[in-house]
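Inspection log for the structure reproduced underneath, given as structure tokens.
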Amino acid sequence: MNENYNIRRATAGDEQILAYIQTESWKAAFQNILEPEDLEQCTNLERATAMYQKLLDAKKGNGYILEVEGKPHCIAWWDAARDPDMSGYAELICIHSLQDNWRKGYGSKMMEQILSDIEKAGYAHTLLWVFEKNIRARKFYEAKGFHITEKAKEFCGAVEVMYEK
């Protein structure tokens, strides 16, 4: 891992960076999990940019960008849990990185930042949703202390399972 990295809060004007990293990460990570048409629909750059623009404008949630040598590489977003029956939980809504730096420790650094932030915000529990077939991500979350629950739902044409910590 290159020690020349920085994690900063996402701010207004970062919507294109956030959307680009999310959609490129999805294309690389989910090509064998989602059907091509579902993947194409779920990685629409304009729609993702508009979503992040809306979140940033409303100051909704907590977004982060990790930069390596000044170039954006990894993003993460968390907020209060969206599921009504998970009141009092924080939710890691996403953590994505560009493929060229996978498995170099940046995701772990981002996860440390997010979990620290969630703890400082007063949450004792965190949940996240992950595609059931996304074994690489599931192993990552399990290594970070998350465990699978009984909850599952359909999203983008695939099954997501819920993890909590």
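Position 113, counted from 1, in the sequence shown is what the numbering used here calls 228; the numbers after and before it change by one each time, with no gaps.
The beta carbon of each residue, even a glycine, is placed where N, CA and C say it ideally should be.
All values derive from a computational prediction rather than experimental measurement.
Three-state secondary structure (DSSP) of residue i
i	result
residue 231	helix
residue 175	coil
residue 212	strand
residue 182	strand
residue 194	strand
residue 206	strand
Residue i, enclosing beta strand (DSSP E) - first and last residue
i	result
residue 123	120-124
residue 217	Per DSSP, residue 217 belongs to no beta strand (DSSP E) and is neither H nor E.
For residue i, the nearest candidate out of the options (CA to CA)
i	options	result
residue 209	120, 275, 119	275
residue 129	265, 141, 186	186
residue 144	247, 131, 261	247
Alpha-carbon spacing of residue i relative to residue j, whole angstroms
i	j	result
residue 207	residue 163	17 angstroms
residue 134	residue 263	28 angstroms
residue 270	residue 174	25 angstroms
residue 183	residue 120	4 angstroms
One or two residues paired with residue i in a DSSP bridge
i	result
residue 273	270
residue 263	278
residue 255	Per DSSP, none; premise fails for residue 255.
Limits of the unbroken alpha helix (DSSP H) element including residue i
i	result
residue 141	130-144
residue 154	151-157
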